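Participant: Residue numbers (this note's numbering): 111 to 359.
We treat Cβ as the ideally placed atom computed from N, Cα and C, and that holds for glycine.
Keep in mind that this is a model prediction, so the values were computed, not measured.
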């Protein structure tokens, strides 16, 4: 091998749906890792090819496959927050190193703290002193302004705008085009509807919609993991409401 030559480390993407295709596109744009395969729990996808990458089989094959191939890196690409967190935990338990996928057009301040298994899509903006937890999706063109805290396994949808010092707790979902004014807290597993303008804190496990945003229901915690469950591995969603991975000083 020529001196100074470096190979691109291989990675497997867990999940080959729409978000998986986005993650594949990001990794191809960054050229930091070579995607060698998908795994997916939907048997109908096994043996097929997605954008030139094979779907190897179910997630449960990863421990043996990783040992046989030497592939050490993985990233979970699934839109459901609870499933994404559970699969990331399982992949880490199997010994995989979880990577981040950050599109080259995303703008991230130099003092932002990033966890692992994070996807930051094209055009996203993350400002000074933000903290982004594990398994977060910051989707296309969203804005997370200064000193905001984004907890584990949250999804900030395309075009959503978070002002400064907003806290989004674990498992929350901020819909497309939503706006959250400064200094607010979005509770764990809460949902902010598309286009909502949030001017007050949002309670955990609640749903708010409209302008200004108002609560329409409080929901019981559910483990909607049917597509992602690995019964042979005993995979479970967290038993207790997860707390944010980051705390204010």
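Can you pull the DSSP bridge partners for residue 121?
Facilitator: Sequence index remark: in the chain shown, residue 121 carries index 11 (1-based). According to DSSP, residue 121 bridges with 145 and 183.
Participant: Quick check for students: name the residue ranges of the beta strand (DSSP E) that lie wholly in the region 210-245, counting only runs of 3 or more.
Facilitator: Runs of the beta strand (DSSP E) inside the region 210-245: none found.
Participant: Does DSSP put residue 159 in a helix, in a strand, or in coil?
Facilitator: Residue mapping note: residue 159 aligns to position 49 of the chain shown, counting from 1. Three-state DSSP puts residue 159 in a strand.
Participant: Let me know if residue 334 comes out buried or exposed under the rule of 16 or more other beta-carbons within 10 Å of its beta-carbon.
Facilitator: As a working mapping, residue 334 is identified with position 224 in the chain shown. Residue confidence for residue 334 is low, a pLDDT of 40 falling below 50, so the modelled location carries little weight; the figure read from the coordinates is stated next. Result: exposed.
Participant: Residues in its own chain within less than 7 Å of residue 198 by CB, not counting five upstream and five downstream?
Facilitator: Walking along the chain shown from the start, residue 198 turns up at place 88. 186, 208, 227, 244 and 245, listed in sequence order.
Participant: Report, in whole angstroms, the separation of the C-beta atoms of residue 285 and residue 316, which I expect to be a contact under 8 Å.
Facilitator: The sequence position of residue 285 within the chain shown is 175, counting from 1. The sequence position of residue 316 within the chain shown is 206, counting from 1. In fact, because the Cβ distance is near 14 Å, the residues do not count as touching under 8 Å.
Participant: With respect to the alpha helix (DSSP H) encompassing residue 140, which residues constitute its N-terminal and C-terminal limits?
Facilitator: As a first step, residue 140 is located in the chain shown; it is residue number 30 there, counting from the start. Where residue 140 is concerned, the enclosing alpha helix (DSSP H) stretches over 128-140.
Participant: Which partner residues of residue 283 appear in the DSSP bridge assignment?
Facilitator: Here the question's residue 283 lines up with position 173 in the chain shown. Paired residues: 265 and 301.
Participant: Within 10 angstroms of its Cβ, does residue 150 collect 16 or more other Cβ (buried), or is it exposed?
Facilitator: Here residue 150 refers to the residue found at position 40 when the chain shown is read from its first residue. Under this definition residue 150 is a buried residue.
Participant: Return the chain-ordered list of same chain residues with a C-beta closer than 8 Å to the C-beta of residue 318, the five sequence neighbours on each side being excluded.
Facilitator: For the purposes of this step, residue 318 is taken as residue 208 along the chain shown, with counting starting at 1. Same-chain partners within the cutoff: 300, 301, 302, 303, 306, 308, 312, 324, 325 and 326.
Participant: Specify the secondary structure class of residue 271 as computed by DSSP and reduced to three states.
Facilitator: Working through the chain shown from its first residue, we reach residue 271 at position 161. In this structure, residue 271 counts as strand in the three-state DSSP scheme.
Participant: Would you report the Cα separation of residue 202 and residue 126, rounded to the nearest angstrom?
Facilitator: Counted from its first residue, the chain shown places residue 202 at position 92. Counted from its first residue, the chain shown places residue 126 at position 16. Answer to the nearest angstrom: the Cα atoms are 19 Å apart.
Participant: Hey, how far is the Cα of residue 130 from the Cα of residue 320?
Facilitator: Translated into positions along the chain shown, residue 130 becomes position 20. Translated into positions along the chain shown, residue 320 becomes position 210. Those two C-alpha atoms are separated by around 30 Å.
Participant: Quick check: the Cα distance between residue 148 and residue 269, rounded to an integer number of angstroms?
Facilitator: In the chain shown, counting from the first residue as 1, residue 148 sits at position 38. In the chain shown, counting from the first residue as 1, residue 269 sits at position 159. Approximately 28 Å between the Cα atoms of the pair.
Participant: Given that a residue counts as buried once 16 or more other Cβ atoms are within 10 Å of its Cβ, and exposed if not, what is residue 292?
Facilitator: Position 182 of the chain shown holds residue 292. Residue 292 is exposed by the Cβ-count criterion.
Participant: How about the region 236-243 and the region 204-222: do they share at least three Cβ pairs that are nearer than 8 Å?
Facilitator: Flag = yes, the region 236-243 and the region 204-222 touch.
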